[in-house]
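*Asks:* Can you keep this structure in mind? I'll have questions shortly.
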Amino acid sequence: MGAGVSSTAKEYELVAPEGRHLIVPGDWERLRFGWVDAVISDASLGAQAQVVAHVLAMRYANRHTAQCDPGLAELERATGRSRSTLKRAISELIDAGWITRVVGRGRGNRSGYGFLTRARIVTLKGARSVPKKGDNPEPFSGSEKGSDQGCQEKQKGSNLNGKGVKSEPPYYIDKPCKNHGAAERPRNLSDNPMVIRDSQRAVERFRSGHADAFDGLQIWIIDHIIAANLLTPEERERAELG
5 MGAGVSSTAK
15 EYELVAPEGR
25 HLIVPGDWER
35 LRFGWVDAVI
45 SDASLGAQAQ
55 VVAHVLAMRY
65 ANRHTAQCDP
75 GLAELERATG
85 RSRSTLKRAI
95 SELIDAGWIT
105 RVVGRGRGNR
115 SGYGFLTRAR
125 IVTLKGARSV
135 PKKGDNPEPF
145 SGSEKGSDQG
155 CQEKQKGSNL
165 NGKGVKSEPP
175 YYIDKPCKNH
185 GAAERPRNLS
195 DNPMVIRDSQ
205 RAVERFRSGH
215 ADAFDGLQIW
225 IIDHIIAANL
235 LTPEERERAE
245 LG
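Spelled out as structure tokens, the structure:
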């Protein structure tokens, strides 16, 4: 039954369900962007679940340890969603096999979240973590339900409210193509002044010696940095930006 308890999550005793594997600290830093892309590409998930997955992975999960334990109040502030919407979205991600959770008991005890993949991640000694161009490792796989081919296009700025939810404010994310594993996901230049400003500030911080300058940035800011060639190839490799 399952893949057992991961050493990443001893504090929470996170357990992967049968057929899934918990992404551990040594793999999370290099796999987190791919995990987010895969979740957003899962056609069986509602928009609210995709938003919550993005926020958990990119805003709250520790880049090095994968520890992720935001309270519902924090998630409400971060997403603008109601508590009931967040609970439904989290349950949807759990049912689809994207995350696992240990519910905190008692006042002040937080829930802990772990990130799942269907494939077992094997790190080869001396191997580069970035796949060669043309390779298609496809380490991530979501729920089988609704995993039909093709791209489901969503323009940036579209209202991504979930099924039957009309009162929730939009949270803007890019929707990559379903076949993201076979080809590099397109990176989009932004004409949004705030995105351009934040991109430039992050690059300046990185060049001034802040190795964590890109931690927690929204995915469209990362996309703009890459599409605008704000970093040299050497800097991109050092920053581990695909």
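Going by this note's numbering, the sequence shown opens with residue 5, and the numbers climb by one from there.
Every residue, glycine too, gets a C-beta built ideally from N, C-alpha and C.
Within 10 angstroms of its Cβ, does residue 199 collect 16 or more other Cβ (buried), or is it exposed?
*Replies:* Burial call: buried.
*Asks:* Residue 230 to residue 216, Cα distance in whole Å?
*Replies:* Computed Cα separation, rounded: 17 Å.
*Asks:* With DSSP run on the structure shown, which of helix, strand or coil describes residue 30?
*Replies:* In this structure, residue 30 counts as helix in the three-state DSSP scheme.
*Asks:* Measuring alpha carbon to alpha carbon, tell me which of 193, 236 and 102 ends up nearest residue 122.
*Replies:* For residue 122, the nearest C-alpha among the options comes from 102.
*Asks:* Buried or exposed: which applies to residue 107, given that a residue is buried once 16 or more other Cβ atoms fall within 10 Å of its Cβ?
*Replies:* Label assigned to residue 107: exposed.
*Asks:* Who are the Cβ neighbours of residue 23 in its own chain at under 7 Å, not counting the five residues just before and after it?
*Replies:* Answer for residue 23: 122, listed in chain order.
*Asks:* Counting C-beta neighbours from all protein chains within 10 Å, is the total for residue 193 16 or more, i.e. buried, or is it exposed?
*Replies:* So residue 193 ends up on the exposed side.
*Asks:* Could you give the distance in angstroms between the alpha-carbon of residue 29 and the alpha-carbon of residue 65?
*Replies:* Using only the alpha carbons, I get a separation of about 10 Å.
*Asks:* Tell me, to the nearest whole angstrom, how far the beta carbon of residue 206 is from that of residue 218; I am working on the premise that it is less than 8 Å.
*Replies:* Going by Cβ atoms, the distance from residue 206 to residue 218 rounds to 6 Å, so yes, they are a contact pair.
*Asks:* Decide if residue 68 is buried, meaning its Cβ has at least 16 other Cβ atoms within 10 Å, or exposed.
*Replies:* Exposed.
*Asks:* Does the beta-carbon of residue 35 have 16 or more other beta-carbons within 10 angstroms, so that it is buried, or is it exposed?
*Replies:* Buried, because 16 or more other Cβ atoms sit within 10 Å of the Cβ of residue 35.
*Asks:* If you count every other CB in all the chains shown that lies within 10 Å of the CB of residue 74, and 16 or more means buried, which is it?
*Replies:* That one is buried.
*Asks:* Using three-state DSSP, classify residue 24 as helix, strand or coil.
*Replies:* Residue 24 falls in the coil class under three-state DSSP.
*Asks:* By DSSP's criteria, residue 118 is part of a beta bridge. Which residues make up the other side?
*Replies:* For residue 118, which the question treats as bridged, DSSP gives the partners 104.
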